[in-house]
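Everything below concerns the one structure shown next.
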DNA sequence: TAGCTATATAGCCATATGGATATATTGTGG
DNA sequence: CCACAATATATCCATATGGCTATATAGCTA
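Protein chains in written order, with UniProt numbering: chain A, 1 to 110; chain B, 1 to 110.
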């Protein structure tokens, strides 16, 4: 799972790739469509797509001449699950845990 | 905000750094304490800490001889906020949005 | 089959990253 | 002030990353 997170976070660290995911949130798209908003070469986009796919964030389809991409939510869910463990540090709705933690931390910290 | 996400995701892409955050979730810790679980040199850990700090994920304190680190939840909250936009793709509790989206996507996809 | 369209792959290059060792810096205690 | 402890900074090195151009591959369509 750690390896997965490595790949996922690493894929998400690039703004072009996040923008691509944003586009795919509206539905599947061809490589050309995904490339359109950017001033990057087509191979550069293909490379980004490969990174996203290897991280499990998207999938490739096949449709006539083109290979449309779709979002693969599971990978994002993995991230959400990871970050959920930290939610208590900022979210009011985790008050009881928060109280508990501030006691524990207060003990350790002072 | 995009720049922030770049730095944050990039920082989170390394398992050592995620482990450090995990340790800091139990309360503040010195560099030596943070380095202890790893078979890495002290400078390597300092480098990781610098990356985490520049991403805003941790802060440095000062206490006698040592510079203890603490978690900085805001940066993680930023990630949670980003990913929340995708929550509808996997979470049942977002059913209405999900329905809406599947209609929209169905339209675009078929 | 020939040619066009869509996309992938191969190289190549510059910069970034993660690690190591050696050394500098800063604070504490004697 | 000295010596030690804790941590940071400076190099250096190997590998990874992101971009480009050129070229290969696959599927239509005439």
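Positions of the beta carbon are idealized from the N, C-alpha and C atoms, including for glycine.
If you're wondering where the values come from, they're calculated on a predicted model, not measured in any experiment.
Extent of the continuous alpha helix (DSSP H) run through residue i
i            : result
residue 10/A : 2–12
Unbroken beta strand (DSSP E) run spanning residue i, endpoints
i            : result
residue 71/A : 69–71
Cβ-Cβ distance between residue i and residue j below 8 Å
i            : j            : result
residue 8/A  : residue 55/A : yes
residue 20/B : residue 34/B : yes
residue 48/B : residue 16/B : yes
residue 84/A : residue 86/B : no
residue 30/A : residue 66/A : yes
Cα-Cα separation, residue i to residue j
i            : j            : result
residue 73/B : residue 76/A : 20 Å
residue 57/A : residue 50/A : 10 Å
residue 3/B  : residue 13/A : 9 Å
residue 89/B : residue 42/B : 42 Å
residue 32/A : residue 11/A : 20 Å
residue 53/B : residue 22/B : 15 Å
residue 37/B : residue 82/B : 31 Å
residue 80/A : residue 40/A : 30 Å
residue 70/A : residue 1/B  : 25 Å
residue 46/B : residue 64/B : 18 Å
residue 91/A : residue 91/B : 19 Å
Residue i burial status per 10 Å Cβ neighbour count (16 or more: buried)
i             : result
residue 28/B  : buried
residue 62/A  : exposed
residue 18/A  : buried
residue 68/A  : buried
residue 106/B : Low local confidence applies: a pLDDT of 45 at residue 106/B is under 50, so the model's placement there is unreliable, and no value is given.
Cβ-heavy atom distance, residue i to the ligand NAP, below 7 Å
i            : result
residue 38/B : With respect to the ligand NAP, the structure shown offers nothing to examine, as it has no ligands at all.
Which runs of the alpha helix (DSSP H) spanning at least 4 residues fall entirely within the stretch 10–94 of chain A, listed in chain order? 15–24, 31–35, 42–54 and 73–84
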